[in-house]
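Chains as they are written, first to last, in the numbering used here: chain Z, 198 to 367; chain U, 253 to 780.
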């Protein structure tokens, strides 16, 4: 059986729900946690790496992301590539609900994928930006645990931000 | 205590109509009598058939012997009610907090990272949602980039101070002041200078509203608004990289200089519409901000700030070698001073002297070949009243012959055309001596903006000037100019060009040019 000149090495990852994923080494190296692990244990590359903090749903999404971004980076940098990257990132987060975004953040944090983590954080921040207090609460399923006095104090402290805005405004 | 009921001493419920849910035989054994009583009482809240608590209360009141007794009863009902209410609210809040900590799965450090990407106003909103967010929103990282610019005055010194203090050593960028909202732009040189006079552009704010705001002391930034940068031995200012100040009416030279002295790491300084003198500000930058890479100044006194002196330019150039972007808009600048700057900053890539008075363009001569000036990528000279078409032509000829290899953007647009060779008030709107066509051919990657109003929509200025001269009126303190849409625009003397001395370069003209060429070596010598 003849192989291509360079055999792409595959790493096996096992998620919290016991699914196994085979990924190319290049992609696995995007996960700094794994990269560090291999740097310290060079002969462990044949073993299956357990990822107890990552679900299979998250991992497959993350693998997709890293694959696409690796492909983008392999091409020459230009403004149209940047545009495509931006569009890809937007699509990546657009359909996801808050819960899955947060799950992805935790997974990206655990796997230490800086670019993905920053992008996801920015996506959550964008969902919070320029929205009313009540909207943010409802959107993230948070409850108001202030006393009326505490809430009034906070609003007064930042009067400049709340001035002219209806508290119940959406 | 008046007894409404005799509470059963044991844990079994009395034989009263109670909802099945409170049929609770298994209350913990350590429950006190009070606990049992309360438990029972609470079950009355939604028992069925509904027990009319108020009827019982009325009967109690009726049966009490005196008026005083009745007041006491009512009083107790209030107290009891509010005790219960307080306890219930407290517990509800505790549960809300617990719910929040479960619903929001991100640990504090990741939440803080998200918050650090929020603008300052959204951060305040996040803090007001719940105590968990509030705690995260207090972290210094969230205040690394403070942007308190608003369309109308809303922010006072206290807000600035609080945020700077919260940022501590994490403070990297601070933007303050009044920035007019987006208006229909009339060209890239749209002034950011905002006074109540320009307020007609701020469409949604009523005039009365603005007047009351002017008097509203609590919403005004005073000259000591930057004082917190110096506090704590200047801890906050030490790592500050970017400082943008817009239209802070009360800022003065002294306070600004004190603030700049606290910011040795400043890389990007933008000052628009402040009543500060250019020379003093540049001297302060020169003494304190040696790492500066970008300077953007827009004058609040269009054309009347004449303070810049050559030694200031020399000092600036010597002390701030990293400057790559320089914008001085709306000042009275002389060519030889600008030349010191442009030649002296070895890394200069972006230069913008729009709306400058006095510069004619001679500073551009012989610039592209030697050191300094030849790295120029962007040159903006919009609406420079005294810019001569001859100098522009000379400059473009140099470009055609290979100088200014990195130039990619040139803007010489002018609402009133370029100055002709003779009198500056002879204007040229469609210059034939400027080799634009050749530039487009030979250097196609350069974007040249040369918007001059179309001829014919303007009064022939020659005729107008003649009539002025004949009537012995001093020259254009009032100039009638047709704007391109045909309406007559009378510019008042305040905003008109201070042209009584012409460009101010006259004394340097002709013979002056010769001297200038010779002395250019001297000027270079001063630059280290």
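Glycine included, each C-beta is placed from N, C-alpha and C at the ideal position.
Interface partners of residue i on chain U, CB under 8 Å
{"i": "residue 383 (chain Z)", "result": "No statement about residue 383 (chain Z) is possible, as the shown extent of chain Z runs from 198 to 367 and does not include it."}
Integer Cβ distance of residue i from residue j, believed to fall under 8 Å
{"i": "residue 576 (chain U)", "j": "residue 595 (chain U)", "result": "Contact flag wrong, Cβ pair sits at about 14 Å."}
{"i": "residue 364 (chain U)", "j": "residue 394 (chain U)", "result": "6 Å"}
{"i": "residue 398 (chain U)", "j": "residue 425 (chain U)", "result": "7 Å"}
{"i": "residue 408 (chain U)", "j": "residue 472 (chain U)", "result": "6 Å"}
{"i": "residue 538 (chain U)", "j": "residue 572 (chain U)", "result": "6 Å"}
{"i": "residue 523 (chain U)", "j": "residue 497 (chain U)", "result": "5 Å"}
{"i": "residue 322 (chain U)", "j": "residue 335 (chain U)", "result": "About 20 Å separates the two Cβ atoms, so there is no contact after all."}
Proximity test, Cβ basis, 8 Å: residue i and chain U
{"i": "residue 313 (chain Z)", "result": "no"}
{"i": "residue 326 (chain Z)", "result": "yes"}
{"i": "residue 322 (chain Z)", "result": "yes"}
{"i": "residue 337 (chain Z)", "result": "yes"}
{"i": "residue 256 (chain Z)", "result": "no"}
{"i": "residue 250 (chain Z)", "result": "no"}
{"i": "residue 290 (chain Z)", "result": "no"}
{"i": "residue 342 (chain Z)", "result": "yes"}
{"i": "residue 281 (chain Z)", "result": "no"}
{"i": "residue 304 (chain Z)", "result": "no"}
{"i": "residue 351 (chain Z)", "result": "yes"}
{"i": "residue 268 (chain Z)", "result": "no"}
{"i": "residue 334 (chain Z)", "result": "yes"}
{"i": "residue 264 (chain Z)", "result": "no"}
{"i": "residue 309 (chain Z)", "result": "no"}
Proximal residues of chain U, C-beta to C-beta of residue i below 7 Å
{"i": "residue 211 (chain Z)", "result": "Ordered by position in chain U, no residue passes the 7 Å Cβ test against residue 211 (chain Z), which lies about 22 Å from the chain."}
{"i": "residue 330 (chain Z)", "result": "377, 380 and 381"}
Residue i at chain Z interface by Cβ criterion, 8 Å
{"i": "residue 376 (chain U)", "result": "yes"}
{"i": "residue 365 (chain U)", "result": "yes"}
{"i": "residue 407 (chain U)", "result": "yes"}
{"i": "residue 386 (chain U)", "result": "yes"}
{"i": "residue 358 (chain U)", "result": "yes"}
{"i": "residue 351 (chain U)", "result": "yes"}
{"i": "residue 403 (chain U)", "result": "no"}
{"i": "residue 729 (chain U)", "result": "Residue placement at residue 729 (chain U) is poorly supported in this model, since its pLDDT is 35, which falls under 50; the coordinates still yield a value, given next. Chain Z, which has no Cβ nearer than 8 Å to the Cβ of residue 729 (chain U), makes this no."}
{"i": "residue 200 (chain U)", "result": "For chain U, the structure presents residues 253 to 780; residue 200 (chain U) sits outside this window and is missing."}
{"i": "residue 660 (chain U)", "result": "no"}
{"i": "residue 348 (chain U)", "result": "yes"}
{"i": "residue 473 (chain U)", "result": "no"}
{"i": "residue 631 (chain U)", "result": "no"}
Residue i to residue j span [Cα, whole Å]
{"i": "residue 639 (chain U)", "j": "residue 506 (chain U)", "result": "34 Å"}
{"i": "residue 387 (chain U)", "j": "residue 381 (chain U)", "result": "11 Å"}
{"i": "residue 251 (chain Z)", "j": "residue 304 (chain Z)", "result": "6 Å"}
{"i": "residue 295 (chain Z)", "j": "residue 356 (chain U)", "result": "10 Å"}
{"i": "residue 283 (chain U)", "j": "residue 348 (chain U)", "result": "26 Å"}
{"i": "residue 662 (chain U)", "j": "residue 359 (chain U)", "result": "50 Å"}
{"i": "residue 651 (chain U)", "j": "residue 604 (chain U)", "result": "18 Å"}
{"i": "residue 357 (chain Z)", "j": "residue 550 (chain U)", "result": "26 Å"}
{"i": "residue 286 (chain U)", "j": "residue 305 (chain U)", "result": "19 Å"}
{"i": "residue 331 (chain Z)", "j": "residue 340 (chain Z)", "result": "9 Å"}
{"i": "residue 326 (chain Z)", "j": "residue 672 (chain U)", "result": "52 Å"}
{"i": "residue 510 (chain U)", "j": "residue 318 (chain Z)", "result": "37 Å"}
{"i": "residue 526 (chain U)", "j": "residue 478 (chain U)", "result": "14 Å"}
{"i": "residue 466 (chain U)", "j": "residue 607 (chain U)", "result": "In this prediction, residue 466 (chain U) scores a pLDDT of 48, lower than 50, which makes its location untrustworthy; no coordinate-derived value is stated."}
{"i": "residue 371 (chain U)", "j": "residue 405 (chain U)", "result": "18 Å"}
{"i": "residue 697 (chain U)", "j": "residue 335 (chain Z)", "result": "51 Å"}
{"i": "residue 290 (chain Z)", "j": "residue 333 (chain Z)", "result": "18 Å"}
{"i": "residue 346 (chain Z)", "j": "residue 529 (chain U)", "result": "46 Å"}
{"i": "residue 256 (chain Z)", "j": "residue 352 (chain Z)", "result": "41 Å"}
{"i": "residue 247 (chain Z)", "j": "residue 321 (chain Z)", "result": "28 Å"}
Proximal chain U residues relative to residue i, where beta-carbon distance stays under 9 Å
{"i": "residue 287 (chain Z)", "result": "The premise fails here: residue 287 (chain Z) is roughly 16 Å from chain U at the closest Cβ pair, so nothing lies under 9 Å."}
Given residue i as reference, the closest of the options once Cα atoms are compared
{"i": "residue 423 (chain U)", "options": "U:495, U:379, U:474 and U:697", "result": "U:495"}
{"i": "residue 419 (chain U)", "options": "U:660, U:433 and U:492", "result": "U:492"}
{"i": "residue 674 (chain U)", "options": "U:705, U:654 and U:642", "result": "U:642"}
{"i": "residue 783 (chain U)", "options": "Z:315, Z:308 and Z:349", "result": "Outside the displayed range of chain U (253 to 780) lies residue 783 (chain U), so it cannot be described from this structure."}
{"i": "residue 329 (chain U)", "options": "U:516, U:384 and U:309", "result": "U:309"}
{"i": "residue 261 (chain Z)", "options": "Z:288, Z:277, Z:276 and Z:229", "result": "Z:288"}
{"i": "residue 602 (chain U)", "options": "U:553, U:645, U:545 and U:636", "result": "U:545"}
{"i": "residue 220 (chain Z)", "options": "Z:300, Z:229, Z:243 and Z:209", "result": "Z:209"}
{"i": "residue 216 (chain Z)", "options": "Z:231, Z:309, Z:280 and Z:245", "result": "Z:245"}
Where residue i meets chain Z, residues with beta-carbon distance less than 7 Å
{"i": "residue 371 (chain U)", "result": "326"}
Neighbour list for residue i in chain Z, Cβ cutoff strictly below 8 Å
{"i": "residue 355 (chain U)", "result": "337, 338 and 339"}
Chain-ordered neighbours of residue i on chain Z, where CB pairs are closer than 9 Å
{"i": "residue 345 (chain U)", "result": "340, 341, 342, 343 and 344"}
{"i": "residue 411 (chain U)", "result": "354, 355, 356, 357 and 358"}
Contact test: residue i Cβ vs the ligand NAD heavy atom, cutoff 7 Å
{"i": "residue 321 (chain Z)", "result": "Looking at this structure, you won't find the ligand NAD or any other ligand, since it has none at all."}
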